[in-house]
Every structure is written in structure tokens, then in C-alpha cells.
Amino acid sequence: MLVALDLTPRQAARVLNQAVRGRTKLELEPRPEAARALLWGTLVGSEPEVLRVDLHDREHETPLAGLIGAMCDVRTCLAGQLYLFSTFVLDANDGTVPHRLTLAAPETIQVANRRRHTRLTPLEPVPVRLGVGGTLKPVLAELANIGPRGLGCRVSAGDDAGLFYIGDPVAVEFALPWNSDLFALSAVICNKGPSSEPTHVLVGLEFSASDAAARAALERLRAALLSETARLCEPGGEL
Numbered sequence: 123m124l125v126a127l128d129l130t131p132r133q134a135a136r137v138l139n140q141a142v143r144g145r146t147k148l149e150l151e152p153r154p155e156a157a158r159a160l161l162w163g164t165l166v167g168s169e170p171e172v173l174r175v176d177l178h179d180r181e182h183e184t185p186l187a188g189l190i191g192a193m194c195d196v197r198t199c200l201a202g203q204l205y206l207f208s209t210f211v212l213d214a215n216d217g218t219v220p221h222r223l224t225l226a227a228p229e230t231i232q233v234a235n236r237r238r239h240t241r242l243t244p245l246e247p248v249p250v251r252l253g254v255g256g257t258l259k260p261v262l263a264e265l266a267n268i269g270p271r272g273l274g275c276r277v278s279a280g281d282d283a284g285l286f287y288i289g290d291p292v293a294v295e296f297a298l299p300w301n302s303d304l305f306a307l308s309a310v311i312c313n314k315g316p317s318s319e320p321t322h323v324l325v326g327l328e329f330s331a332s333d334a335a336a337r338a339a340l341e342r343l344r345a346a347l348l349s350e351t352a353r354l355c356e357p358g359g360e361l
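Numbers in my numbering are just positions in the sequence shown, counted from 1, shifted up by 122.
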């Protein structure tokens with residue numbers, strides 16, 4: 123299932139800045155779709171009011187001037203996440219090399235998350251400690267589901283929930299009830315949404331394997347899940 127979540131203005135600005143630094147490739151789909159084929163480009167500039175895109179791999183030599191004022195849907199992948207937004211073309215110049223479009227900065231950017239592995243739901247409470255940047259003590263959460271690539275946890279809907287922003291790094295610690303290991307892993311927040319309990323929100327985390335120690339810890343976790351799935355979990359999960 124594909125879930126699209128709106129980013130906050132701060133998150134959207136950070137995504138655009140990262141895309142400019144990484145010269146991220148964009149897929150642009152002008153509307154109406156029948157009027158023009160897809161365009162591909164690189165985001166080369168991000169300002170408060172405009173985005174600047176250098177086009178490449180153009181298959182059609184139709185003048186770009188006809189795009190001025192047109193709405194377009196934009197998609198891009200950054201750090202394994204799919205980002206989506208809609209905007210309109212402010213200016214188009216096919217007299218430069220490469221050709222360039224100037225787009226209005228979008229009001230909203232969405233991140234779309236597709237779960238790549240089945241998550242499993244624990245049969246008994248499993249506490250999770252979350253270390254969030256800027257906080258002196260970890261946030262205590264409860265495991266909602268877990269898989270080899272990440273986990274979902276329930277966090278208090280009070281002040282704690284306001285600490286979590288999509289894309290932020292988090293230090294995760296937990297122990298499985300039948301295993302003596304304490305798993306200490308790095309992760310990135312990939313989604314956040316309501317829980318079936320109004321007092322909590324669900325936060326989805328994707329594990330990071332940034333170095334040899336992190337990769338070894340993830341291998342230990344995967345082995346533990348495979349060996350004890352029947353005792354620990356049942357299929358399903360909220361997140």
C-alpha cells in the first residue's frame with residue numbers, strides 16, 4: 123500500500139535543499155497529460171518562491187514557451203523515498219544549454235512510503251527507547267510491529283509526539299523478550315500517523331546500516347526474528 127504524507131514547511135525546505143546539493147533527477151508531468159510527454163530534469167536551484175530545473179534527455183523539440191502557466195506534477199526519489207508535489211511553470215527557456223524551467227515553489231510536498239517487507243506484531247508489550255536529537259533523555263515507546271528493515275512504535279500523543287519529524291535520525295534501543303541481546307540501532311523516521319488509541323501516535327522507523335557495526339547488529343536482529351517468529355509475533359500490524 124502506498125501512503126502519502128504531507129511534510130511540514132521545515133521538512134519540505136530541507137528536502138529541496140538536499141535535492142539541490144545532490145543534483146537530484148526530477149520527473150515532470152505537465153497537465154493535461156495528452157499535451158506533452160514526460161520531461162526529465164535536475165533541480166539546480168531552490169529559493170523561497172521558485173525552483174530552477176535544468177532539462178535533459180528531451181525527445182520532443184516543441185518550443186517550451188507553451189508550458190508557461192501550465193500545471194505539472196513532479197516526482198523525485200531522494201534517499202530511497204519518493205517525494206511528490208504539484209506546481210506550475212513560471213518561465214521556460216529553450217535558448218540555453220541545457221534548457222531550463224522555472225517552477226513556482228510548491229505549497230505542499232508529500233512523501234510516499236511503500237512497505238518493502240512484511241511487519242510482524244508482538245504478542246506481548248516490548249518497550250523501545252528512542253533517542254531524538256535535542257532531547258536530554260530518551261523517549262519511551264512501545265513496539266507495534268517489527269521487520270528486518272524497520273519497526274513501528276506507539277508514542278505518547280502529548281509532547282513526545284512533537285519531537286518526531288519525517289527524515290530525522292533516531293537512535294533505537296530495545297530487547298526482544300526471549301533474547302538476551304540489547305539491540306542498539308540507528309534509524310530514520312519514515313512515517314507518522316494516528317493510532318487506534320487516541321492517546322498515542324504511530325511512528326515508523328527504517329533502520330540504517332551506515333557502518334560495519336550497524337550492519338552486524340542488523341544481521342543479528344534478522345537472525346533473531348527468523349528463529350523466533352512463531353514465539354514472538356503473529357502476522358499483521360498497524361503501521
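Ideal Cβ placement from N, Cα and C applies to all residues, glycine included. Remember, it's a predicted structure, so these values are computed and weren't measured experimentally.
Task: Local conformation of Ala201 per DSSP, three classes - done: Ala201 falls in the coil class under three-state DSSP.
Task: Simplified DSSP assignment, three categories, for Gly167 - done: strand
- [ ] On a CA-only basis, which of Ile311, Arg222, Ala226, Thr198 is nearest Thr209? Give me that one, please.
- [x] Ala226
Open item on the list: Quick check on DSSP: helix, strand or coil for Asp282?
Closed with: helix
Open item on the list: Can you check which of these residues, Arg174, Val325, Pro299, is closest to Pro247 by C-alpha distance?
Closed with: Pro299
TODO: Could you give the DSSP three-state label for Gly188: helix, strand or coil?
DONE: helix
TODO: State the DSSP-derived secondary structure class of Pro228, mapped to helix, strand or coil.
DONE: coil
Task: Distance between Thr224 and Val211 (C-alpha atoms, nearest Å) - done: So the alpha carbons of these two residues sit roughly 6 Å apart.
Task: Distance cut-off 7 Å: Asp282 Cβ against heavy atoms of the ligand MN - done: Among the components modelled here there is no ligand, and therefore nothing to report on the ligand MN.
TODO: Return yes when the Cβ of Glu295 is within less than 8 Å of the Cβ of Phe98, no when it is not.
DONE: Lying before the first or after the last residue shown, residue 98 is absent from the chain, which here runs from 123 to 361.
- [ ] Sort Ala331, Gly326, Ser308 by Cα distance to Pro316 and report the nearest one.
- [x] Nearest option by C-alpha distance: Gly326.
TODO: Would you kindly work out how many angstroms separate the C-alpha atoms of His178 and Trp162, rounded to a whole number?
DONE: C-alpha separation (whole angstroms): 6 Å.
Task: For Leu138, three-class secondary structure by DSSP - done: helix
Task: Distance, Ala187 Cα to Asp216 Cα - done: 8 Å
Task: Chain-order list of residues whose beta-carbon lies under 6 Å from that of Gly272 (same chain, five-residue window excluded) - done: So the list reads Leu327, Glu328, Phe329, once near-sequence residues are dropped.
TODO: Return the residue from the list Met193, Leu150, Glu229 that minimises the CA-CA distance to Ala135.
DONE: Glu229
Task: First and last residue of the uninterrupted beta strand (DSSP E) at Ala331 - done: That residue, Ala331, is in no beta strand (DSSP E); it is neither H nor E in DSSP.
- [ ] Examine the Cβ distances between the stretch 189–204 and the stretch 137–145 and report whether three or more of them are shorter than 8 Å.
- [x] yes
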